[in-house]
Structure formats: C-alpha cells, structure tokens
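Chemist: A single structure is presented below for examination.
Protein chains: 2
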Amino acid sequence: MRNDSAEPNGIDDMRNIAVLGYGVVGGGITTVIEENCAKIRETVGDDVCVKYILDLREFPDSPYADRVVHTIDPILADDSVELVCETMGGAHPAFEYSVSCMKAGKSVVTSNKEVVATFGVELLECAKENGVQYLFEASVGGGIPVIRGINTALAADQISSVNGILNGTTNYILTKMRTESRTFDDVLAEAQVLGYAERDPSADIDGIDAKRKIMILTALASGKLVRDTDVYTETLRNVTVEDIHAAEAWGGAVKLIAGSVIDGDAIQVHVCPMFVPWSCSLAHITDVYNGISITSPVCGDVMFYGRGAGRLPTAGAVVADVCAILSDAAKMERNPVFVKADDGCVKPFDEIGFRCYIRANAGQVELCEALAAYCDGTEVLSDKAGVVEVITGKLTKPELDKIRVQFAGIESVIRVLD
Amino acid sequence: MRNDSAEPNGIDDMRNIAVLGYGVVGGGITTVIEENCAKIRETVGDDVCVKYILDLREFPDSPYADRVVHTIDPILADDSVELVCETMGGAHPAFEYSVSCMKAGKSVVTSNKEVVATFGVELLECAKENGVQYLFEASVGGGIPVIRGINTALAADQISSVNGILNGTTNYILTKMRTESRTFDDVLAEAQVLGYAERDPSADIDGIDAKRKIMILTALASGKLVRDTDVYTETLRNVTVEDIHAAEAWGGAVKLIAGSVIDGDAIQVHVCPMFVPWSCSLAHITDVYNGISITSPVCGDVMFYGRGAGRLPTAGAVVADVCAILSDAAKMERNPVFVKADDGCVKPFDEIGFRCYIRANAGQVELCEALAAYCDGTEVLSDKAGVVEVITGKLTKPELDKIRVQFAGIESVIRVLD
Numbered sequence: 006m007r008n009d010s011a012e013p014n015g016i017d018d019m020r021n022i023a024v025l026g027y028g029v030v031g032g033g034i035t036t037v038i039e040e041n042c043a044k045i046r047e048t049v050g051d052d053v054c055v056k057y058i059l060d061l062r063e064f065p066d067s068p069y070a071d072r073v074v075h076t077i078d079p080i081l082a083d084d085s086v087e088l089v090c091e092t093m094g095g096a097h098p099a100f101e102y103s104v105s106c107m108k109a110g111k112s113v114v115t116s117n118k119e120v121v122a123t124f125g126v127e128l129l130e131c132a133k134e135n136g137v138q139y140l141f142e143a144s145v146g147g148g149i150p151v152i153r154g155i156n157t158a159l160a161a162d163q164i165s166s167v168n169g170i171l172n173g174t175t176n177y178i179l180t181k182m183r184t185e186s187r188t189f190d191d192v193l194a195e196a197q198v199l200g201y202a203e204r205d206p207s208a209d210i211d212g213i214d215a216k217r218k219i220m221i222l223t224a225l226a227s228g229k230l231v232r233d234t235d236v237y238t239e240t241l242r243n244v245t246v247e248d249i250h251a252a253e254a255w256g257g258a259v260k261l262i263a264g265s266v267i268d269g270d271a272i273q274v275h276v277c278p279m280f281v282p283w284s285c286s287l288a289h290i291t292d293v294y295n296g297i298s299i300t301s302p303v304c305g306d307v308m309f310y311g312r313g314a315g316r317l318p319t320a321g322a323v324v325a326d327v328c329a330i331l332s333d334a335a336k337m338e339r340n341p342v343f344v345k346a347d348d349g350c351v352k353p354f355d356e357i358g359f360r361c362y363i364r365a366n367a368g369q370v371e372l373c374e375a376l377a378a379y380c381d382g383t384e385v386l387s388d389k390a391g392v393v394e395v396i397t398g399k400l401t402k403p404e405l406d407k408i409r410v411q412f413a414g415i416e417s418v419i420r421v422l423d
Numbered sequence: 006m007r008n009d010s011a012e013p014n015g016i017d018d019m020r021n022i023a024v025l026g027y028g029v030v031g032g033g034i035t036t037v038i039e040e041n042c043a044k045i046r047e048t049v050g051d052d053v054c055v056k057y058i059l060d061l062r063e064f065p066d067s068p069y070a071d072r073v074v075h076t077i078d079p080i081l082a083d084d085s086v087e088l089v090c091e092t093m094g095g096a097h098p099a100f101e102y103s104v105s106c107m108k109a110g111k112s113v114v115t116s117n118k119e120v121v122a123t124f125g126v127e128l129l130e131c132a133k134e135n136g137v138q139y140l141f142e143a144s145v146g147g148g149i150p151v152i153r154g155i156n157t158a159l160a161a162d163q164i165s166s167v168n169g170i171l172n173g174t175t176n177y178i179l180t181k182m183r184t185e186s187r188t189f190d191d192v193l194a195e196a197q198v199l200g201y202a203e204r205d206p207s208a209d210i211d212g213i214d215a216k217r218k219i220m221i222l223t224a225l226a227s228g229k230l231v232r233d234t235d236v237y238t239e240t241l242r243n244v245t246v247e248d249i250h251a252a253e254a255w256g257g258a259v260k261l262i263a264g265s266v267i268d269g270d271a272i273q274v275h276v277c278p279m280f281v282p283w284s285c286s287l288a289h290i291t292d293v294y295n296g297i298s299i300t301s302p303v304c305g306d307v308m309f310y311g312r313g314a315g316r317l318p319t320a321g322a323v324v325a326d327v328c329a330i331l332s333d334a335a336k337m338e339r340n341p342v343f344v345k346a347d348d349g350c351v352k353p354f355d356e357i358g359f360r361c362y363i364r365a366n367a368g369q370v371e372l373c374e375a376l377a378a379y380c381d382g383t384e385v386l387s388d389k390a391g392v393v394e395v396i397t398g399k400l401t402k403p404e405l406d407k408i409r410v411q412f413a414g415i416e417s418v419i420r421v422l423d
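Chains A and B are the protein sequences, given in the same order. Heads up, the numbering used here is the position in the first sequence plus 5, with the first residue counted as 1. Heads up, the numbering used here is the position in the second sequence plus 5, with the first residue counted as 1.
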C-alpha cells in the first residue's frame, strides 16, 4: 500500500496517513508528529505525513489547511494512504468510516472509546477479514500504555481483576471536594467554567465514560466484551463532602472506581463510587490523573498511572499505534482479540456482595440489628448526635435496597474496595 | 530450530527451552509454565517444555529431577532447545553462557540485572549477529512491564527523565522506619531474619541493585548505557528516623530514588535517598513495592507500579519474554537497542544542583548566611533547641561538601526530588 511514485500532491518518500476529526486529539496528532519527527523516522524508517484531515470545518490558519477534506471519499480513493486515525468520537459515523477504511485496505487507529466499547468485536473482525490492523491504545488512559501492558507483558498470565480510576474529570472533582471541603455542585460548576468538564457533564459524572473504558480493559483481560447494559453504573452526583471526610476518618478516599472481576468464564463489571483504603495505590491518585490496577496470580498487583486524557498524551498514544503499524511491529504483537460475552458468562451485579459504608440518622443498636440480619462483621465508625456511621459486612444490592427501605434515615451508602 | 521428530527424551510437539540456574526465579519459571499452560499454549501455539535445568545442585524431589544437568554442553548441543532462560545472577558465567547459547542459535531471556547493566551492549550485539533475540523484561521491576512500556508504547516520544523506587528491600526498611519509628539497623536486622534482606545487604542498601536497574532503564530511554562508575550512588545507611519524620513534617517521604535526566545527548544518572513530596506518586509507594515514573513532553508523567521482585512476578516476566519470542512477536517488536555512552555525553553529578534538606546543630542565622553564599531561597522548616532544619535552594555536591566542612554540626543532608 506504500506509494513509491511521486504524487501530484507533492508528498513523496513518506508514509501517508489521514486523520478523521480535527478536534483536540486530532489536532494533537499533527503536533506530535511534527515535534517527534526524528524519533518517529527512527522507529518507522520513513517520515510520516498527514495527507488528509477530514472535518466539517475549515482551518484556514492551519499549516494543514490544504489537507482538509469534508467527505471520506478522497481518503478511501487514495491508495497511498495506508493508515487512518479516527479521532471523531461517538459511535457513528466513526464505526462506518472505520469499516470503509479497513475494507479499502487501510489500517485504523482510534482514541474513540465509545466506538470500541460498542463495536469493538465487529471492528476487530473487519480488520482481520481485510488483513489490516485495528488498534486503540488511546481509547483508555490517554498516554498510559495500559492496553499494550495487558496484551503483551501479561501474555503468560491470567488476569483476575481490573480496578481503575478511568475518568479524570470526576477524580478532579473528588480531589477538590476533599482538599477544599466544597460541594459536588460547586466544584462541578467551577470545572465547567475552567473547561475541565463538559457543559453536559453526564458522560463523566454518571460513569458512562468510565464504563466504556472498563468494558474495553475487561475485554482485553478476559477475551470477552460485555454489553453496555451488563455494567452496573452508579452516578457520582450523590457523593457528599461528609462521605469524603468519613472516608478519611476511616483511612482512605472516595474514588469513582471502574472495576471488573474475572473468574474463569464468569465476568462482572461495575462502575461506582467506592471507599478506597490508603493501602491501595488507587486511593492516592489525585486531580485529573488516572490509574489502572491489574491483579493476577503471577504478578500480584501491577498499576499503571498517568494523565488519562488531554491533547498530547492521547495524541501520543494514537501516534504510538501509528508507529507500531507502520514499522510492522503490530503485525507480530499479540493483538487485541475478543468476542461478545454471551449472557451466561456475565455474573449479575445483584449477586456480588461488597462491604459498605453506611451513614444514617438512626440509633446504632437498631441499624446494627437490622444489618445483622444480612451480614456479619459490621464495624461502627462513629455514633454521635443521632448520626451513626458503620462499615458493614458484605452486602448485595438487593440487600442494600431492603435496608434502605427499612431505614428512611439512611443518608449515604458507598461500597468499599477490598 | 523446532524439533518435529520424536526425541528419545520423549518430548514432542513442544517448544523446548532450558533454564540456567534453578534458584528462586528459575524455580518460579517451571511453576508459572505449569500453572498457566493454557494461556501460554494460546499465546505461543504449542506447549512450552523445560527440557534442561542447569544447576550445580541436584533436585531429587523435584518433578524436574531428570532434567537437571551440571554443564552447559548438553544444552548447547541440543538443537531442539530454541530458547534459554538465564536466571543465574552475577555477571559471570552468565555472560559467557548467554553468548554461547546465542552463538548456538538460541535466544536468551534473563532476569539478571547485573549482566545486562554490565554487558548489555555486547549481549544485544551478539543476539543481532546470530539472528536471535535477547530480552530482559524481568531484570527491572519484576512483574512490572516497564521495559516493554518504554520500548513500545513510548516509541513516538522522547523520554526526558526516569525516576524509580527500584529496590524493594530498602523501600521495606524505609516504610518500617517510618511507621514504627525504628532505627535503620534495627529494621535491617529484622529484614535479614525474615529473609527480605540478604546476609550481606550491601547490594540493596548501598544502592548497587538500584544502580544496575536505573542503568538499564536509562539505556532503553536514551539509547546509551552508561558505565557503572558514571552513576553517583549514595548509601541508605545514614538515613535516620529523624530524617523520615522531618520529611513527613515537610510534606513527603524519604525514598531511595534511582533517577536519570536525559537532555538531548547529555545523560545524568544517580541513586540516592531523597525527600519525595506527597504530590509525587513515588512518595506513596510502601513496603516491598517498586514504582517507575517516566516523564516525556508528550505523555507527561506515566508511572508503573507493582511488586518489583519475588519468585512469581519475576518468573512471570521471564515467561512473558519467552512467549514473546516463541510466538514470534518479539521479532517485530521495537527491540531494546543501545550503545555504550561515550564520556562526552555523561554529565558529571557534581554539576547538578538539587534542593536539599539540611539538619544542623547550629544557629539559624549562621546556617542561612552560609547557605546564602551558595544558593537562593533557603526555607527554614524549624529552629528549636539548637537544631535548625532547612530546605535549601539548589546545591551541587561540591557546594554541599564545602558547607559540611564549614558546619561541623550538620547532622543530615538529603536531596529533594523536584
């Protein structure tokens, strides 16, 4: 697919790629390629040239103004383009464009977690059928090389669980709530003004972004992509400053944890706020940073940490995938492979017990007696001014729902990461 | 090199490997291969069989008793052995055996940081000349996939610095000193009884182990392997409980940091105890855990964390390299490449300024006046009962040496990781 003849467009002795979507990440790609051209040339063996940029907008002031196209057609028609970076976001038309590019013999690299979490199985199959590559290191954890970490170094190992702080916006909000004792709404509003949170913050604060990322990581770790609807997802909106202070008094921090447990063929995936003890490295991850902890019998806990988003880290991960493909390294890597998880192998969240932090306007005796009916080992954290705080034994969601009905005074329930 | 004919030894339809040195890591290799045989078969395409174990000892009770040999010759002579795991430790005869194996057409995988730090350039050249692979993921960070992390995912990026907690024993000692307010000697003696520290603890506590590991990581990051003697290395023996408490009061922890700075062609590598602020993830790494933080303009700070040693994590990393080679993945990976650093590119440690924590039996005014001659911005932490504690501006080693002469009352000097 290399172009060895001089092109009218004037791009020769180059490996040509196209970028779909010239937003934050797409713009970062051209920057990274410019700034690291020597290192990229050394890795790939040639210069890499962004020959087309697909976007609905024009960029008259950009040095790439003349590369901008408004339909996918010229890219599909140009055999000199061997690889396409899809940084559009959203499932559609990213899915259709990616399929068209692969059918035209072009490898595709993406930062788009939604399209991978939704159509990952179809996209990997399409790549295989067309003898091209489909890579998505940038879809999870920005510049943190966690997907290669799972795929290559852990190749001789069975992963038993993945727990991550996968959304920088919510971790920033939780950090500010803790250090400045400010309410969720207050910090969110500020984050929106500063541009750290979207005007519609739902994807971040309701756990949707984290859910897509843990679906991808779990698919790599288990070989099975679960459905969106199989992931128990709890919003962060209800977490209060009191909860965060209670976690500190207990010995940890509140974090939005995206987790999965892989037990043979059975998989369970969830996203919810959790009490994370200081003994767990994830508790110490603050601000917009992400962390992913992977547990296996051989390696124990391995954690990856870094900026989980942002223009350059994410673009850097896209360009690393570009280099892997253009240097032929990706052909021989243990590439991502997963199939759709069938209904039988997804363990319902309702069956999983977690220790929980409960704060209630209730008497200690009554609450503990009610909890004793469901679990052993409830530990009282404090009991003053009519407010009792406990860490319970393991409780399932249906049990928690019943206890909530029994105690109208329950103010807060947050699971514990053990 | 594969053996497709039935062997008298009865090992057929297998990929045969040998293990040199059946100690802690070597023994872990057979365990990992047994316990993860399904995953390994899936990765490699065949079963992997340990056909020979080279050790001076006999292991009559081991299921591998009949595989034990006492010289390298039968391994070199057996063409069905395509890969050798060198887990002997020490530079010799590990170097000579590894060269012999590669000359006999066998790839070599090692967990031996001493041989890589000493002869890494020669061993990689030898692999190249003989068309085989030489991999050493297990030589740094046990089960933490940091070498692949540097080599593949950061392929499009320039690494500007590496900072690591690379020795679990010293980190365990520092953790115990902090949490139990016990002296260095006391905790070291206990660690020796428990088997966490060697009877001769010098390699750990004098920074030699950490030095070898940072030499390897820096070689991967910069393409240049510095000499042992180019690494400024300071023992941990002089760190006191007072220092650790002072770090806490300041807002961080004392850690044995192995660090390097890569600035274009100039490299600087050092190992020394440092004040690490809580804002840096490395400060939160406790017990025997290791952490490696890599900084680059594109990705910012990326950190890898996990058990840096131990039988199974280290053996798991060896087996991951075995799988990479036997599945042909390693052929196309961006394999480790580095050359010897020439004298010109190693920046002398004496030229590098660090902020420092200084505790002295002296008057605040006198100490600050003396420091003012060398650096700006000295900050007084405390001044009571004739003991003054300060954080200085940036000071080089020669400057510190002069100040020590000037102030006989200086009890402690520890650099700050900024």
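Where is the CB? At the ideal position from N, CA and C, for every residue including glycine.
1. May I ask you to list, following chain order, the residues of the stretch 165-193 of chain A that have a beta carbon less than 8 Å from some beta carbon of chain B?
2. Name the residue from B:Asp406, B:Asn156, B:Tyr237 and B:Gly414 whose alpha carbon lies nearest to the alpha carbon of B:Asn343.
3. Is there a Cβ of chain B sitting closer than 9 Å to that of A:Cys328, yes or no?
4. Given a cut-off of 9 Å on the beta-carbon distance, is the pair A:Thr223 and A:Ile262 in contact?
5. Note down, in chain order, every chain B residue with its Cβ under 9 Å from the Cβ of A:Asn41.
6. Give the C-beta separation of B:Thr123 and B:Val30 to the nearest angstrom, bearing in mind that I take them to be a contact with Cβ-Cβ under 8 Å.
7. What number of angstroms, rounded off, separates the C-alpha of A:Thr234 from the C-alpha of A:Arg420?
8. Taking the C-alpha atoms as reference points, what is the distance between B:Leu129 and A:Leu386?
9. What residue range does the beta strand (DSSP E) around B:Lys111 cover?
10. In chain A, what lies closer than 7 Å to B:His289 by C-beta?
11. Along the alpha helix (DSSP H) that carries B:Thr35, what are the first and last residues, could you check?
12. Would you say the beta carbon of B:Glu39 comes nearer than 8 Å to a heavy atom of the ligand SAH?
13. Give the single residue among B:Leu331, B:Ala252, B:Glu404 and B:Gly257 whose Cα lies nearest to the Cα of B:Ser85.
14. Pick from A:Gly305, A:Val293, A:Ala413 and A:Pro341: whose alpha carbon is nearest that of A:Ala375?
15. In chain B, which residues lie less than 8 Å from A:Arg1 when you measure between Cβ atoms?
16. Over the uninterrupted beta strand (DSSP E) stretch that includes A:Phe359, give me the two end residues.
17. Kindly identify the DSSP beta-bridge partner or partners of A:His275.
18. Have a look at the DSSP bridge pairing and note the partners of B:Ala23.
19. Which residues in the same chain as A:Asn21 place their Cβ atom closer than 6 Å to its Cβ, once the five residues preceding and following it in sequence are excluded?
20. For A:Pro312, which three-state DSSP category applies?
21. When Cβ atoms are compared, which residues of the stretch 67-96 of chain B fall closer than 7 Å to chain A?
22. I need the DSSP call for B:Gly368, collapsed to helix, strand or coil.
23. Looking only at C-alpha atoms, which of A:Arg153, A:Lys108, A:Gln273 and A:Phe359 sits nearest to A:Val137?
24. Figure out for me which residue from A:Lys216, A:Asp292 and A:Ala329 has the closest Cα to the Cα of A:Cys277.
25. Would B:Arg409 pass as an interface residue toward chain A - the criterion being a Cβ-Cβ separation below 9 Å?
26. Rounded to whole angstroms, what is the Cα-Cα separation between A:Leu317 and B:Gly305?
27. In the DSSP assignment, find the alpha helix (DSSP H) that holds B:Asn176 and state where it starts and stops.
28. Name the chain A residues whose beta carbon is nearer than 7 Å to that of B:Leu309?
29. Counting only beta-carbon separations shorter than 9 Å, does B:Gly269 have a partner in chain A?
30. Just checking, does the stretch 270-285 of chain A make contact with the stretch 139-149 of chain A on the three C-beta pairs under 8 Å criterion?
31. Between A:Gly26 and A:Asp78, how many whole angstroms is the CB-CB distance? I'm expecting something under 8 Å.
32. Can you list, in chain order, the residues of its chain with a C-beta nearer than 8 Å to that of B:Ala208? Leave out the 5 residues immediately preceding and following it.
33. So B:Ala329 and B:Gly148 are in contact, right, with Cβ under 8 Å, and what is the actual spacing, rounded?
34. Mapping the DSSP letters down to three states, classify A:Gly398 as helix, strand or coil.
35. With 9 Å as the threshold, decide whether the Cβ of B:Ile272 is near any Cβ in chain A.
36. Taking the alpha-carbon positions, what's the B:Thr115 to A:Asn172 distance?
Modeler: Put simply:
1. Listed by position, the residues of the stretch 165-193 of chain A near chain B (Cβ gap below 8 Å) amount to none.
2. Before going on, a small fix: residue 343 of chain B reads as Phe here, not Asn. The closest CA to that of B:Phe343, considering only B:Asp406, B:Asn156, B:Tyr237 and B:Gly414, is found on B:Asn156.
3. For A:Cys328, the answer is yes, since a Cβ of chain B falls inside 9 Å of its Cβ.
4. In this structure, A:Ile262 does not lie closer than 9 Å to A:Thr223 by Cβ.
5. Chain-ordered, the chain B residues with CB closer than 9 Å to the CB of A:Asn41 read Ala161, Asp162, Gln163, Pro302 and Val303.
6. That belief does not hold up - the Cβ atoms of B:Thr123 and B:Val30 are roughly 18 Å apart, past 8 Å.
7. The alpha-carbon atoms of A:Thr234 and A:Arg420 are separated by roughly 20 Å.
8. Using only the alpha carbons, I get a separation of about 58 Å.
9. Here B:Lys111 belongs to no beta strand (DSSP E), and DSSP marks it neither H nor E.
10. Neighbours of B:His289 in chain A, taken as residues at a C-beta separation under 7 Å, are given in chain order as Ser286 and His289.
11. First-last of the alpha helix (DSSP H) with B:Thr35: Val29 to Glu40.
12. This structure simply doesn't include the ligand SAH, nor any ligand for that matter.
13. Looking at the Cα atoms, B:Leu331 is the closest of the given residues.
14. The option with the nearest alpha carbon to A:Ala375 is A:Ala413.
15. Within the shown structure, residues of chain A are numbered from 6 to 423, placing residue 1 of chain A beyond reach of any answer.
16. Per DSSP, A:Phe359 belongs to the beta strand (DSSP E) from Phe359 to Ala365.
17. Bridge partners of A:His275: A:Tyr237 and A:Gly264.
18. In the DSSP assignment, the residues bridged to B:Ala23 are B:Tyr57 and B:Val89.
19. If we look at A:Asn21 and ignore the five residues flanking it on each side, its Cβ neighbours are Cys54, Lys56, Ser85 and Val86.
20. Note on residue identity: the sequence assigns Arg, not Pro, to residue 312 of chain A. In the displayed model, A:Arg312 falls within a strand according to three-state DSSP.
21. Flagged: no residues at all.
22. Coil at B:Gly368, not helix or strand.
23. Closest option to A:Val137, Cα to Cα, is A:Lys108.
24. The shortest Cα separation from A:Cys277 among A:Lys216, A:Asp292 and A:Ala329 belongs to A:Lys216.
25. False, the Cβ-Cβ gap to chain A never drops below 9 Å.
26. So the two alpha carbons sit approximately 9 Å from each other.
27. Bounds of the alpha helix (DSSP H) holding B:Asn176 are Gly173 to Glu185.
28. Before going further, note that residue 309 of chain B is Phe rather than Leu in the sequence given. Here the neighbours are Phe309.
29. False, the Cβ-Cβ gap to chain A never drops below 9 Å.
30. Too few Cβ pairs lie closer than 8 Å, so no.
31. Contact flag wrong, Cβ pair sits at about 16 Å.
32. The answer, listed in chain order, is Asp214.
33. In fact, because the Cβ distance is near 15 Å, the residues do not count as touching under 8 Å.
34. The answer is strand: DSSP assigns A:Gly398 an E or B state.
35. Output row for B:Ile272: interface = no.
36. Rounded to the nearest whole angstrom, the CA to CA distance from B:Thr115 to A:Asn172 is 37 Å.
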